[in-house]
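As numbered in this note's numbering, residues 50 to 167 make up the sequence shown, in order. C-beta atoms are modelled at their ideal positions from N, C-alpha and C, and glycine is treated no differently.
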Amino acid sequence: MSASTTTTTAPAFYTVAKVGDIGPGEMTYVEVGPNYEPVCLINLDGDYYALNDCCTHEDASLADGEIQGDELECPLHGGAFEIKTGMPAGFPVVVAAKTYTVRVVDNDIQIALVKPAR
Ligand code: FES
Numbered sequence: 050m051s052a053s054t055t056t057t058t059a060p061a062f063y064t065v066a067k068v069g070d071i072g073p074g075e076m077t078y079v080e081v082g083p084n085y086e087p088v089c090l091i092n093l094d095g096d097y098y099a100l101n102d103c104c105t106h107e108d109a110s111l112a113d114g115e116i117q118g119d120e121l122e123c124p125l126h127g128g129a130f131e132i133k134t135g136m137p138a139g140f141p142v143v144v145a146a147k148t149y150t151v152r153v154v155d156n157d158i159q160i161a162l163v164k165p166a167r
């Protein structure tokens, strides 16, 4: 029998907003963590999602875009991402956006800069 040691480090969560700051169908720009990662925090029907705020097509802030159903439309060329997965949903976007883990603790919305477990 061999002994193995597994070290799991819990991801760091950062409080970025309060519940109620962002209503259903709204989103906001936040900076997360020590390197001020640009993140678009979205409230989709009461569930929170976080995507990297930089469009993967060119240089645009997704938080300046529009929520269309369960997609986020970029303000610059109208490309789109699936909010829940970050996957491309409309040309000219062909590269997925990074997605991050979001949780609610008491009244705080918190983000960890790791991919959500789905
Ligand atoms: S910069 Fe977002 S679609 Fe072109």
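Where DSSP assigns a beta bridge to residue i, which residues make up the other side?
i: Val133; result: Note on residue identity: the sequence assigns Lys, not Val, to residue 133. Note: Lys133 sits in no beta bridge, so no partner.
i: Ala99; result: Leu90 and Tyr149
i: Leu121; result: Ile116 and Phe130
i: Gly139; result: Ala129
i: Val144; result: For Val144, which the question treats as bridged, DSSP gives no partner whatsoever.
Just curious, the beta strand (DSSP E) that residue i is in, first and last residue?
i: Phe62; result: Phe62 to Lys67
i: Ile185; result: Residue coverage of the chain in this structure runs from 50 to 167, which leaves residue 185 outside it and unanswerable.
i: Val79; result: Met76 to Val81
Is residue i buried or exposed, if buried means 16 or more other CB atoms sit within 10 Å of its CB?
i: Val142; result: buried
i: Glu122; result: buried
i: Glu120; result: buried
i: Phe130; result: buried
i: Gly74; result: exposed
i: Pro83; result: exposed
i: Val154; result: exposed
i: Pro137; result: buried
With residue i and residue j assumed to form a contact (beta carbons below 8 Å), what rounded beta-carbon distance in angstroms separates them?
i: Ala161; j: Phe62; result: 5 Å
i: Ile103; j: Pro87; result: Note on identity: in this sequence residue 103 is Cys, with Ile being the wrong assignment. So it is a contact: roughly 6 Å between Cβ atoms.
Test item, CB below 6 Å from any non-hydrogen atom of the ligand FES: Cys104, His106, Glu107, Ala109, Cys123, Leu125, His126, Gly128, Pro141 and Val142
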